[in-house]
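Mapping to my numbering: the first sequence position 226 is 238, numbers consecutive. Every residue, glycine too, gets a C-beta built ideally from N, C-alpha and C. Source: prediction; values computed, not measured.
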Amino acid sequence: MERYNFKEIEEKWQKHWDENNVFKTKIDKNKEKFYCLEMFPYPSGKIHMGHVRNYTIGDVLSRYKSLQGFNVLHPMGWDAFGMPAENAARENKLDPKDWTNANIITMKNQLKKLGLSIDWDREISTCNKDYYKHQQTFFLELLEKGLVYRKENYVNWDPIDETVLANEQVIDGKGWRSGAAVERKKLSQWFFDISKFSEDLLNGLDGLDNWPNKVKTMQKNWIGKSFGCEIDFKINGDLPVKKIKCFTTRPDTLFGFSFLALSVDHEISKYYEKDENFIKFKEECSKTGTTEEAIAVGDKIGFKTNLLAINPLNSKEKVPIYFANFVLMDYGFGAVFGCPAHDQRDFDFAKKYNLEIKTVVKPHDKSDTFKVKNEAFSGSGIIINSDFLNGLEAPENSITETIKILEKKKIGKKKINYRLKDWGVSRQRYWGCPIPVAYDKEGKVHPIPKSMLPVTLPENINLNVKGNPLDSQNNWKEIDINGKKMVRETDTLDTFVCSSWYYLRFCSPKEGDYGFNIDDIDYWMPVDQYIGGVEHAILHLLYSRFFMRAINYKNKNFNIKEPFQSLFTQGMVCHETYKDENDKWLSPEDVEKIDGKYFQKGNSKKIVKVGPSESMSKSKKNVIDPEYIIENYGADAVRLFILSDSPPEKDVQWSEQGMISSYKFIQKLWTLHNEIKKKLSNEPMEIFDNEIDEFTNQTILKITNNLDKFNYNVIIANMYETYNYFNNTIKKKNKLNNLKENYKKILICFTPVIPHFSNHCLDDLDFTNDLIWPAYNKKALIKDEINFVIQINGKKRALIKTKKDISEESLLKVIKLDKNINRYLSNYKIKKVIFVKNRLINILIHE
RNA sequence: GCCCUCGUGGUGAAAUUGGUAGACACAAAGGACUUAAAAUCCUUGCCCUUUUGGGAGUGCCAGUUCGAGUCUGGCCGAGGGCACCA
């Protein structure tokens, strides 16, 4: 027997799949479709283990669904616009396009070596003008529908990447890519009106039964719906403004009102612009505002105005108005009514400035003289000290009642507020999709006529400039529209716009007139299974849900709202981290383990400090190169290992030992295959063995269920069990009549995980027909004999083999023959017997 | 502070959804083969007993049940998300 030559065999099959267009997909209305999609990669250079895991999971599912007879769409493309290309190009004096395309070629080859069942005919790249042309059309359509607008606003400015970031791209006050502390800057920007769909995006979550709850909760929190009331406060003072609007969720505590706080950006601030003390105060606010921790721990500070606000429920009561650092301009109306007794933040502020703390809610178990002392009370209770509101149950009842009263008095009205803000999509970068608009001399916006699309990026330009390289491209910027001279928009679109609709493009990758063809969409969409990292829980997944609604808006021909029917978020691939004596990161390649201790390779004097296992990342050097692993162990072995150790939704530890054992497992399977082959050709097959049928059926049932439930790690265990069983059985038994058909079924079940090996073995035995997912035979699943569990007082005392469907009476007779059981039964009286058919008997005795 | 998820051997983890806890694998120890090593194979895995067997046992404490890793309540611990959101 030859050793299993994975290199030769894997290459052979990959070539076969390629040359025969095995994974090419066409619409076939006689077949049920299955659209399996993994989040497409950014072409950063080489694939990493995270990709291997993500795409292996998707490939197992695709191959399984194909074998089940589905018409499977399993495409791949490139999220090809973005900063790294621009940075790399600047450093190496290259064109971002060349850098990107070279990476795409490398990574495509690497993905092919993994043996993925991808329809490469549908490959798309978002930096290709055939792609972004349609994105520009979408942009203009949204502009026409009023879903895109331009406004001057405070934005998140990333000083390292020198671009604006969306709220979703600021994590803990830092840029999601650069890690730089984000600054506030006022700029004119393009926005997508995502907040228009806040309610719909929230409601849509309820229908996403096959999404992880975690992701749904995150989106729900991000949308941040809250019920409340808007209230107009009259103000006393020497300003032309006589009214300030506030949003509150607790109008029922209005009698506890003791100050009104405004954002420093509130419109009233314009009357204080020349006040030196106010300018100083505003500066102080912007300083503390940069990091999240500063905000969380930070002091509440205020600037007292000479204005007074009048309590709308008691016009005699007048309270001071402050500007305060904790009031956000872009939530509510940038103004807060302060009730220190029942809001901790207001309480802190009141303590600092010695403001009145009026208790208006008491806990149920306290008397009417209850007074808030050391901290605000926000629990449930009864309204007190509030005139006609007294006695109401707080909070639910008192809030609705108060709103009714306020509405009657025309002081306020019911209001629902959302935390979700519009999506700022302007980026001051070169390597992105140009925004297809221009400005005339007056600065008025003109869409680029659709006939002039695409607006392509200028090529071979100097990237070594400060700010946006497109700004200095005068030839490119100047444009004639209908004889009028105009200047192009130089901002490009956030790359998350590209990924908001790419799954539609895969359905019609070559459609020239529009982004997609409606017939294709009708057949393929929605994505039946989407697979990717949880880091996009809010970003990409929310944007995509918005984008479908935006296309759908005022569009009778397009009915998709939810692009992803089911979502699966896989865990990360982790590895131990290593540092040398100077705390410099070391790569696993440079580390050697001798007798349980770690040293630098080739130098057993240099001790290596071992850190915790963390998600593989270039910066910590704890990466394993998939190409090296595939080269040395083969794609099947890598696929097997990456699935074997942990459930796919959890993080997995990379283990060299585990990898080797997966490799050895393939070799063992090969040895087994050859022994089975020898038996099949040498021995007359005359003995029909029930047990092997039963085992195979059990295995088919287990693997099928585990595939359906994404228990891919358990499938690997099932594969090991199968090997162990077959290996033992063929050693013990000869001339098995039903070995052949069972082995064939098993090989088919192995195909999704180890496609090269399984196809090779199937081919080797001329099993080339009817390669379909085996159905389990329910009759064969019912065993003739059952291991019956015998319990005495709920404790297992014996395991007895009996015929199936044995009755309670006969079982009791049988178990009396068991020495151990009889010891209990003959010495004690039976109180009660619990009998579970074909499974368990529990005998309760007096002791 | 608020919300969510999760606690099972030395390790990664299984457990047909309330019915044999620890499948499958990694690591470890012992053994077989070998001059030796590698590779391969076998055995072991908490406590008591020579064995048959018995006891404890799924973070901790209670509860429901004939029976709880699984259900209920409380506590402890870990991870994640949001965070001056009015």
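DSSP on residue i, reduced to helix/strand/coil?
{"i": "G301", "result": "Since pLDDT at G301 reaches only 47, below the 50 mark, its modelled position is unreliable, and the value read off the structure follows with that caveat. Coil, per DSSP."}
{"i": "Y54", "result": "coil"}
{"i": "A810", "result": "strand"}
{"i": "M88", "result": "coil"}
{"i": "P461", "result": "coil"}
{"i": "H768", "result": "helix"}
{"i": "R15", "result": "coil"}
{"i": "A308", "result": "The predicted model places A308 with a pLDDT of 48, which falls under 50 and marks its position as unreliable, so this point remains unresolved."}
{"i": "K255", "result": "strand"}
{"i": "K841", "result": "coil"}
{"i": "A388", "result": "coil"}
{"i": "I39", "result": "coil"}
{"i": "R4", "result": "The structure shown does not extend to residue 4, since the chain is modelled only from 13 to 859, so the question has no answer here."}
{"i": "S667", "result": "coil"}
{"i": "I869", "result": "Absent from the model: residue 869. The displayed extent of the chain is 13 to 859, so no value can be given."}
{"i": "I130", "result": "coil"}
{"i": "Q803", "result": "strand"}
{"i": "W597", "result": "strand"}
{"i": "S627", "result": "strand"}
{"i": "I533", "result": "helix"}
Is it the case that the Cβ atoms of residue i and residue j are separated by a distance below 9 Å?
{"i": "I411", "j": "D264", "result": "yes"}
{"i": "Y788", "j": "T716", "result": "yes"}
{"i": "I688", "j": "L774", "result": "no"}
{"i": "D540", "j": "S578", "result": "yes"}
{"i": "S511", "j": "T138", "result": "yes"}
{"i": "R196", "j": "V167", "result": "yes"}
{"i": "E639", "j": "K125", "result": "yes"}
{"i": "Y755", "j": "L719", "result": "no"}
{"i": "V429", "j": "G240", "result": "Inspection of the sequence shows that residue 429 is occupied by Asn rather than by Val. Yes, the Cβ-Cβ distance between N429 and G240 is below 9 Å."}
{"i": "S520", "j": "F508", "result": "no"}
{"i": "L655", "j": "K633", "result": "no"}
{"i": "L748", "j": "W234", "result": "no"}
Start and end of the alpha helix (DSSP H) containing residue i?
{"i": "W883", "result": "The question about residue 883 has no answer here: the residues shown for the chain are numbered 13 through 859."}
{"i": "S210", "result": "210-218"}
{"i": "T112", "result": "108-125"}
{"i": "I641", "result": "638-645"}
{"i": "E98", "result": "95-104"}
{"i": "G344", "result": "Taken as a continuous stretch (DSSP letters only), G344 belongs to no alpha helix (DSSP H), as it is neither H nor E."}
{"i": "Y334", "result": "Run containing Y334: none in the alpha helix (DSSP H); it sits in the beta strand (DSSP E), 326-336."}
{"i": "I784", "result": "Careful: I784 lies outside any alpha helix (DSSP H) and carries neither H nor E."}
{"i": "H63", "result": "61-79"}
{"i": "T229", "result": "225-235"}
{"i": "T507", "result": "507-510"}
{"i": "N409", "result": "408-420"}
{"i": "I206", "result": "I206 -> no alpha helix (DSSP H), and no H or E assigned at all."}
{"i": "F359", "result": "356-364"}
{"i": "Y565", "result": "Careful: Y565 lies outside any alpha helix (DSSP H) and carries neither H nor E."}
In terms of residue numbering, what span does the beta strand (DSSP E) encompassing residue i cover?
{"i": "Y451", "result": "449-451"}
{"i": "D244", "result": "238-248"}
{"i": "M498", "result": "496-500"}
{"i": "A321", "result": "314-323"}
{"i": "F580", "result": "579-582"}
{"i": "N854", "result": "852-857"}
{"i": "Y542", "result": "541-545"}
{"i": "K825", "result": "Taken as a continuous stretch (DSSP letters only), K825 belongs to no beta strand (DSSP E), being part of the alpha helix (DSSP H) at 820-827."}
Runs of 4 residues minimum, wholly inside the stretch 138-202: which ones carry the alpha helix (DSSP H) assignment? 141-156
Write down every uninterrupted run of the beta strand (DSSP E) in the stretch 709-754 whose length is 3 residues or greater and which is fully enclosed by it, in chain order. none
Counting beta carbon pairs with one atom in the stretch 267-282 and one in the stretch 349-369, are three or more of them shorter than 8 Å? With the rule of 3 Cβ pairs closer than 8 Å, the stretch 349-369 counts as touching the stretch 267-282.
Within 8 Å, do at least three Cβ pairs link the stretch 75-84 to the stretch 446-453? Under the three-pair Cβ rule at 8 Å, the stretch 446-453 does not count as touching the stretch 75-84.
Ignoring anything shorter than 3 residues or poking outside the stretch 264-288, list the beta strand (DSSP E) runs there in chain order. 271-274
Any chance the stretch 47-66 sits against the stretch 87-104, with 3 or more Cβ pairs inside 8 Å? In this structure the stretch 47-66 touches the stretch 87-104; the number of beta carbon pairs closer than 8 Å is three or more.
Check whether the stretch 842-853 and the stretch 816-828 are in contact - that is, three or more C-beta pairs closer than 8 Å. yes
Any contact of the stretch 466-481 with the stretch 221-231, i.e. 3+ C-beta pairs under 8 Å? no
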